[in-house]
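Engineer:
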Amino acid sequence: MNHSEKIYDEPIAGVPWRTIRMSAGNGFKHFAEAEGYHSLDIEDCYHKRQIAKVVERDHYVFIVVKIARFEAKTLQLTFDDFDMFIRPDSLVTVEEHPGTLVDRVRERFPRTDDHKIDTHHLVYALLDEIVDYYLVTLDGIGESIHSLEGDIWKNPSPQMLEKIFKIKRSLIDFRRNAGGMREVVSLLVRHPRIKTDGDLENYYRDLYEHAIRVIEFIETYRDTLNSSLDVYLSAIAQKTNEISKVLAVYGTIALPFLVLTGLYGMNIPLPFQESPHAFFIVFGSMASLAMVALYFFKRKNWF
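Offset between the sequence shown (1-based) and our numbering: plus 35.
(1) Based on DSSP bridge pairs, tell me the residues matched to Glu106.
(2) Report yes or no: do three or more beta-carbon pairs, one from the stretch 214-234 and one from the stretch 188-199, lie closer than 8 Å?
(3) Nearest CA to the CA of Arg84: which residue from Arg211, Asn237, Ser263, Tyr285?
(4) Taking only the alpha-carbon atoms, compute the straight-line gap between Val266 and Ser205 and give it to the nearest angstrom.
(5) For Ala283, decide whether its Cβ has a neighbour in chain B, counting only Cβ atoms nearer than 8 Å.
(6) Who are the Cβ neighbours of Ile121 in its own chain at under 7 Å, not counting the five residues just before and after it?
(7) Which residues mark the beginning and the end of the beta strand (DSSP E) in which Lys88 is found?
(8) Tell me the DSSP secondary structure of Ser182 in three-state form.
(9) Kindly list the residues whose CB is nearer than 7 Å to the CB of Met321, restricted to its own chain and excluding five residues on each side of it in sequence; keep chain order.
(10) Please list the terminal residues of the continuous alpha helix (DSSP H) segment that includes Val219.
(11) If Cys80 and Asp115 are in contact, beta carbons under 8 Å, what's the gap, nearest whole angstrom?
(12) What is the DSSP secondary structure of Ser310, counted as helix, strand or coil?
(13) Which stretch, first to last residue, makes up the alpha helix (DSSP H) that contains Phe63?
(14) For Thr109, count the other beta carbons within 10 Å of its own beta carbon; 16 or more makes it buried, fewer makes it exposed. Which is it?
(15) Can you give me the C-alpha to C-alpha distance between Gly215 and Val249, rounded to a whole angstrom?
Okay, here's the thing in structure tokens:
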């Protein structure tokens, strides 16, 4: 395998499990062809951004699921493909990027053959870890939303609007991938091998309920974001009204100055025009009217 890095190739609880990290070369393709995998499934491993799905083949089951990664600082949510080739006596998993998923699942099972399981137990453990991390990812998104809500009233800005829409786009993507995971688990619950094992079926049904809960959380956060958007628009409208009110007050206070200076700029006889104290009389009148207007606005709490 020249260009695909083999991470693990040792059995877990008696089940051969090979994990491969994909890269640009043809190493995995040679291995997959030797194993008899369908060319379409091999192509799906190379062409990422596939939808989550379960494909039944003659000698194996091919599963594609998504692993979530959320960066709180940038509010960036991404999904990596995780592919599984499942046979009754072996499991091959293909991951897009290195991560801790395989390590965490391997720690859940002994290395020895004393505790016998089959591949569907390993598949359940992998899907369970992925769905659990969906919930952890949603916790991170929820904290970002709550932090955003607290800042909206304090200092609404275009940057906050950008964050709201960025999280909304992430939740739309999350909803699509979580829905795919739900369908994958739903199909596996009805798989003949799982249906014949009541205990294993209960585990998969519990996993299905967790997938449903993920979708419910996503919908709740989308509603919360819509409310945050309404709050943002209300805060912006209130801020605009406050600015307009202040400008109107300033304009009203300046009105006596504009009126009197305009009158005394006309070439017609006016009171006190010939008085040596005309400037002080006119200026005092303007200041008095401005003070009266200011006092009125203060009483009305408009300023």
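Positions of the beta carbon are idealized from the N, C-alpha and C atoms, including for glycine.
Structural biologist: Here's the rundown:
(1) Gln111
(2) no
(3) Arg211
(4) Distance between the alpha carbons of Val266 and Ser205: 20 Å.
(5) Note that chain B does not occur in the displayed structure, where there is just one protein chain.
(6) Tyr95, Val96, Ile98, Thr154, Val158
(7) In the DSSP assignment, Lys88 falls within the beta strand (DSSP E) that extends over 88-91.
(8) helix
(9) Pro291, Phe292, Leu295
(10) 193-224
(11) With 8 Å as the limit, Cys80 and Asp115 do not qualify as a contact, their Cβ atoms being about 12 Å apart.
(12) Taken through DSSP and simplified to helix, strand or coil, Ser310 comes out as coil.
(13) 62-70
(14) Label assigned to Thr109: exposed.
(15) 12 Å
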